[in-house]
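Last residue of the sequence shown: 82 (the numbering used here), numbering continuous. Below is one structure, written out as structure tokens; the observations come after it.
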Amino acid sequence: MNSLTKKKSLEYYLLLKYPMSIYPEEEGGYTIMIPDLEGCMTQGETLEEAINNIDEARELWIETVYYSSKKEIPSPSQRIRV
């Protein structure tokens with residue numbers, strides 16, 4: 001990030017809505033990934049559990065990058081996956 005660019009607040013990033021990819025697993029349960037946030041993924045036995053887990057994983061991913069990295073937090077892409 002350019003030193004002249006003002007860093008946006010953590011709250012700003014936490015309110016962004018990122019597209020998710022949801023994969024039902026053969027043995028049951030679901031895996032959810034947020035492609036825009038490299039490595040941000042989780043699983044759950046039910047779709048509701050997996051969605052709750054990805055919300056928590058997204059928040060932790062953003063907080064970790066925000067506080068401890070020189071890496072920028074990407075904006076959500078506009079892609080839609082089915």
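Don't be surprised by glycine CBs; every beta carbon is placed ideally from N, CA and C.
Cβ-Cβ separation, residue j to residue i (assumed contact under 8 Å), whole Å
i, j, result
"I32", "M41", "7 Å"
"G29", "G44", "6 Å"
Alpha carbon of residue i to alpha carbon of residue j, nearest angstrom
i, j, result
"E72", "I62", "10 Å"
"L47", "E26", "14 Å"
"K70", "K7", "11 Å"
"S21", "V65", "21 Å"
"L39", "P19", "It should be noted that the sequence gives Gly, not Leu, for residue 39. Cα to Cα, G39 sits roughly 14 Å from P19."
Residue-level contact to chain D via CB, residue i, 8 Å cutoff
i, result
"P35", "Of the chains in the structure shown, none is chain D; there is only one protein chain."
Beta-carbon gap between residue i and residue j smaller than 8 Å
i, j, result
"K17", "P74", "no"
"E56", "L14", "no"
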